Ligand SMILES: Nc1ncnc2c1ncn2[C@@H]1O[C@H](COP(=O)(O)OP(=O)(O)OP(=O)(O)O)[C@@H](O)[C@H]1O
Ligand SMILES: [Mg+2]
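Numbering (the numbering used here), first residue to last: 3 to 261.
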């Protein structure tokens with residue numbers, strides 16, 4: 003498919019071309035070329051300060067790029083506003099999760115699914131929204147099941163642990179129909195057993211929910227086996243890429259991680 007003068011390869015959901023972000027003299031993201039395949043888990047790893055979060059922020063419109071291009075689902079989304087990118091189906095989670103902490107887990111997902119009862123035209127006609135509300139509740143439970151949170155449906159979100167909050171963010175993203183979810187350190191601050199559980203759930207979503215993940219992580223010991231493809235960043239640049247085995251055995255990567 004060709005649109006706006008570029009060739010789009012349908013195997014991918016996200017492609018960046020020489021993406022660059024400078025903060026004054028510091029080039030945090032330096033000519034980064036990354037491709038995220040559909041229904042796959044692509045991992046972006048690298049030490050502290052490598053530029054991983056900045057890369058995601060530039061892709062999702064939180065920051066404007068200094069140079070380069072971002073293509074998402076066949077469209078050039080370079081420089082788009084964050085809400086427009088979100089609506090297009092590219093959702094990011096934050097290192098510090100910020101869902102609606104005062105609401106229950108279920109309500110968080112219901113809000114993301116949208117509620118016809120709040121539609122001013124449909125609201126007075128109860129029959130119109132009661133069926134939709136029932137369908138939404140079923141869908142919400144299906145999503146909560148898929149992310150491992152169904153047992154917590156009536157808890158207030160603020161009572162969840164860090165990893166569970168991340169999964170609630172994933173649930174909300176699925177509810178909005180996200181096509182690509184960028185997870186910034188979903189297992190940060192969780193113990194290894196729960197980290198494995200989180201990553202297993204995430205992996206299980208790929209095909210069933212027709213979604214793709216860009217996983218940002220520096221705890222490679224735990225996360226690497228779950229990745230389908232890996233990019234390694236250091237000081238703003240991609241210094242290695244390949245499947246997990248290839249990357250784990252790459253001398254440049256070993257040097258960064260073991261020194
Ligand atoms: N808003 C900003 N203004 C100036 N410099 C910034 C800004 N955001 C990030 N940086 C710098 O850009 C570089 C990359 O930071 P970034 O947060 O993207 O790294 P990271 O790979 O996500 O690291 P971590 O693993 O610690 O989360 C760092 O040197 C950081 O200090
Ligand atoms: Mg970061």
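C-beta atoms are modelled at their ideal positions from N, C-alpha and C, and glycine is treated no differently.
Computed from a prediction, not measured in an experiment: that's the story for all the values here.
- Under the DSSP definition of a beta bridge, residue 243 partners with 233.
- Considering only 21, 179, 206, the residue with the shortest C-alpha distance to residue 150 is 206.
- Straight across, the Cα-Cα distance linking residue 242 with residue 232 is about 8 Å.
- Sequence-distant partners of residue 176 (beyond 5 residues in either direction) whose C-beta falls short of 6 Å from its own C-beta, in its chain, are 145, 211.
- Residue list for ligand 1: 25, 28, 30, 48, 50, 51, 52, 53, 54, 55, 56, 220 (CB closer than 6 Å to any heavy atom, chain order).
- Residue 219 is bridged by DSSP to 47.
- Residue pairing for residue 186: DSSP places it in a beta bridge opposite 218.
- Listed in chain order, the alpha helix (DSSP H) runs fully inside the segment 56–104 are 84–90, counting runs of at least 4 residues.
- Where residue 259 is concerned, there is no enclosing beta strand (DSSP E), although the alpha helix (DSSP H) around it starts and stops at 253–260.
- Inter-residue distance for residue 259 and residue 49 is about 8 Å (C-alpha atoms, whole angstroms).
- One thing to note: residue 47 has its Cβ no nearer than 9 Å to the Cβ of residue 216.
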